[in-house]
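I have placed the structure first, in the form of structure tokens, so that the comments after it can refer back to it.
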Amino acid sequence: REEELSTFLQLGVHYDELYKTGVLINFTGKHMLFKNDVLSTDLVLGDNIRYNIDYFIDNGFHWSYGIKTRYNKFNRSFFENLINDEASGVNVGKVSIDYNDFTTQLYVQNAFTRGIALRLGVENKYLRTYFETIENNQTIKNFIDNTYLDFRNIKKNLDNIS
Numbered sequence: 345r346e347e348e349l350s351t352f353l354q355l356g357v358h359y360d361e362l363y364k365t366g367v368l369i370n371f372t373g374k375h376m377l378f379k380n381d382v383l384s385t386d387l388v389l390g391d392n393i394r395y396n397i398d399y400f401i402d403n404g405f406h407w408s409y410g411i412k413t414r415y416n417k418f419n420r421s422f423f424e425n426l427i428n429d430e431a432s433g434v435n436v437g438k439v440s441i442d443y444n445d446f447t448t449q450l451y452v453q454n455a456f457t458r459g460i461a462l463r464l465g466v467e468n469k470y471l472r473t474y475f476e477t478i479e480n481n482q483t484i485k486n487f488i489d490n491t492y493l494d495f496r497n498i499k500k501n502l503d504n505i506s
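The number in our numbering is simply the position in the sequence shown, starting from 1, with 344 added.
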């Protein structure tokens, strides 16, 4: 038997060494736009803002549809006391790394039985991780990962080839 309550709001607090402090807000609602949809949102407000949103239209044993999007960001210092060069006077105690992840997924799902479902979809991911160094009084971003598909740069590079 399905629960008659269709909307939930949950609050909480969070602390850890990576994300530091945050207030957690979860909102879950059924029947937001259609009689068979579910919207779930998780939002964390604090030192590092992040969210997760999931919207799903459930058609049972027929094709169902959904979209998920999430954002995750933090800044963390790593490699404490790793870089020390006494001859040149350089003493770097930490390397500060910025991490950004923005992901969106679109998918379809078909349930075959109560326990087995097939889900197919596409994903767009923007992942950017870097640390900064200073050379000749200039700040330089050193990218560990910068997997963002920028169509303007692709077109510019193709124009330069031809």
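Glycine included, every Cβ here is placed at the ideal spot set by N, Cα and C.
I need the DSSP call for residue i, collapsed to helix, strand or coil.
i           : result
residue 386 : strand
residue 378 : coil
residue 476 : strand
residue 404 : coil
residue 440 : strand
residue 481 : coil
residue 393 : coil
residue 418 : strand
residue 470 : strand
residue 446 : strand
residue 399 : strand
residue 465 : strand
Closest to residue i by CA distance: which of the options is it?
i           : options               : result
residue 461 : 443, 441, 409 and 421 : 409
residue 352 : 367, 407, 364 and 384 : 384
residue 439 : 359, 449, 421 and 454 : 421
residue 369 : 363, 380 and 386      : 386
residue 382 : 391, 457, 469 and 400 : 400
Can you have a look at residue i and say buried or exposed, based on whether 16 or more other CB atoms are within 10 angstroms of its CB?
i           : result
residue 356 : exposed
residue 388 : buried
residue 404 : exposed
residue 459 : exposed
residue 366 : buried
Between residue i and the rest of its own chain, which residues show a CB-CB distance below 6 angstroms, the 5 nearest in sequence each way excluded?
i           : result
residue 444 : 417 and 472
residue 414 : 396 and 447
residue 464 : 452
Is residue i near the ligand MN - that is, is its Cβ less than 7 angstroms away from at least one heavy atom of it?
i           : result
residue 448 : By its list of ligands, the structure shown contains no ligand whatsoever, and the ligand MN lies outside what it can speak to.
Within a Cβ cutoff of 8 angstroms, which residues of the same chain sit near residue i, ignoring the five residues on either side of it in sequence?
i           : result
residue 441 : 419, 420, 421, 422, 473, 474, 475 and 488
residue 486 : 474, 475, 476 and 477
Tell me which same chain residues have a C-beta within less than 7 angstroms of the C-beta of residue i, skipping the five on either side of it?
i           : result
residue 394 : 388, 415, 416 and 417
residue 361 : none
residue 354 : 370
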